[in-house]
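Asker:
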Amino acid sequence: MARPSVSSHDLTFRPVTAGNRVDFEALFTSPGAPKHCWCMVWRRTAAEARNNDSAGRKRQMMARIDAGTPVGLIAYEAGNPLAWVSIAPRETYRNLGGPEANPGEEIWSIVCFWVPRKRRGEGMVYRLIAAAVDHARDAGATVVEAYPVPPDAPSYRFMGFVPAFEKAGFTEIGAAGIRRRVMRLDLG
Numbered sequence: 101m102a103r104p105s106v107s108s109h110d111l112t113f114r115p116v117t118a119g120n121r122v123d124f125e126a127l128f129t130s131p132g133a134p135k136h137c138w139c140m141v142w143r144r145t146a147a148e149a150r151n152n153d154s155a156g157r158k159r160q161m162m163a164r165i166d167a168g169t170p171v172g173l174i175a176y177e178a179g180n181p182l183a184w185v186s187i188a189p190r191e192t193y194r195n196l197g198g199p200e201a202n203p204g205e206e207i208w209s210i211v212c213f214w215v216p217r218k219r220r221g222e223g224m225v226y227r228l229i230a231a232a233v234d235h236a237r238d239a240g241a242t243v244v245e246a247y248p249v250p251p252d253a254p255s256y257r258f259m260g261f262v263p264a265f266e267k268a269g270f271t272e273i274g275a276a277g278i279r280r281r282v283m284r285l286d287l288g
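Per the numbering used here, residue 101 is the first one in the sequence shown, and the count goes up by one each step.
#1: Quick one: what does DSSP say Leu173 is sitting in, helix, strand or coil?
#2: Need the endpoints of the alpha helix (DSSP H) that Arg227 sits in, please.
#3: Could you spell out where the beta strand (DSSP E) holding Asp286 opens and where it closes?
#4: Is Phe41 near Ala246, with beta carbons less than 8 Å apart?
#5: In three-state terms, what does DSSP make of Pro181?
#6: Report back the beta-carbon spacing between Arg279 and Val244 to the nearest angstrom; my notes put them in contact at under 8 Å.
#7: Please tell me whether Val211 and Trp138 are closer than 8 Å, where the distance is taken between their beta carbons.
#8: Three-state secondary structure (DSSP) at Pro263?
#9: Which residues bound the alpha helix (DSSP H) around Ser154?
#10: Let me make sure I understand the geometry here. Which of Pro203, Trp184, Glu206, Gly274 has the alpha-carbon closest to that of Arg219?
#11: Buried or exposed: Arg150, going by 16 or more other Cβ atoms within 10 Å of its Cβ?
#12: Put Gly128 into one of helix, strand or coil per three-state DSSP.
#13: Return the Cβ separation of Arg114 and Ile174 in integer angstroms, given the expectation that the two are a contact with Cβ distance under 8 Å.
#14: Can you give the Cα-Cα distance for Asp166 and Thr117, rounded to whole angstroms?
Encoded structure:
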């Protein structure tokens, strides 16, 4: 069952489902969008990684959507898909580098953003983070984890920047590799 939309100023946020998958496809095939990865970098299994082209990644993502697996939120503006945040239960991703869950914890992870180049610098990521946290909370998460990088990092920039998550109340609890930081927000 689809969750209700979350409003934030002029944007509406909706989880991707089989019912709006055409919007997800339209967003990911728009100019400059991540149609090369289909947000599968942190989701694919070893077997799926063997089929490493854009068409294969799209098929893998569409299979998850059709199966009802949570994959993320689309930000809509005036009814049109505008931006993306990947938010889903941590166990639906491969190892992201966060600590083992404590008993009773339900961890959801934010791993990716996409905002059209012409709309960057408007604070969209802050709204995407807030909507992702609200969505995870509504779905039963007790913790939201993210894996951003410092603003000067040369890679993994699609995962967001540390200051944006600090502003949203996340706390750094460690590192995942050389650049990525593990940040958590307890929804207690």
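Each residue gets a CB set at the ideal place from its N, CA and C atoms; glycine is no exception. None of the values given here were measured: they were computed from a predicted structure.
Answerer: Quick look at the numbers:
#1: Along the sequence shown, read from residue 1 onward, the residue named residue 173 stands at position 73. Strand, per DSSP.
#2: Taking the first residue of the sequence shown as 1, we reach residue 227 at position 127. That run of the alpha helix (DSSP H) goes 224-238.
#3: Position 186 of the sequence shown, counting from 1, holds the residue named residue 286. Here the beta strand (DSSP E) through Asp286 covers 280-286.
#4: Residue 41 cannot be examined here, being either before or after the span of the chain that is shown, 101 to 288.
#5: Indexing the sequence shown from 1 puts residue 181 at position 81. It is a strand residue.
#6: Start at 1 with the first residue of the sequence shown, and residue 279 comes out as number 179. Start at 1 with the first residue of the sequence shown, and residue 244 comes out as number 144. Contact doesn't hold; Cβ gap of about 20 Å is too wide.
#7: Within the sequence shown, numbered from 1, the residue matching residue 211 stands at position 111. Within the sequence shown, numbered from 1, the residue matching residue 138 stands at position 38. Cβ atoms of Val211 and Trp138: not closer than 8 Å.
#8: Numbered from 1 along the sequence shown, position 163 holds the residue referred to as residue 263. Taken through DSSP and simplified to helix, strand or coil, Pro263 comes out as helix.
#9: Translated into positions along the sequence shown, residue 154 becomes position 54. 154-166 is the extent of the alpha helix (DSSP H) around Ser154.
#10: In the sequence shown, counting from the first residue as 1, residue 219 sits at position 119. Scanning Pro203, Trp184, Glu206, Gly274 for the CA closest to the CA of Arg219 turns up Trp184.
#11: Your numbering for residue 150 matches position 50 in the sequence shown. Exposed is the call here.
#12: If you number the sequence shown from 1, residue 128 lands on position 28. Residue identity check: residue 128 is Phe in the sequence provided, not Gly. Three-state result, Phe128: helix.
#13: Position 14 of the sequence shown holds residue 114. Position 74 of the sequence shown holds residue 174. About 6 Å; that satisfies the 8 Å criterion.
#14: Start at 1 with the first residue of the sequence shown, and residue 166 comes out as number 66. Start at 1 with the first residue of the sequence shown, and residue 117 comes out as number 17. Their Cα atoms are separated by approximately 7 Å.
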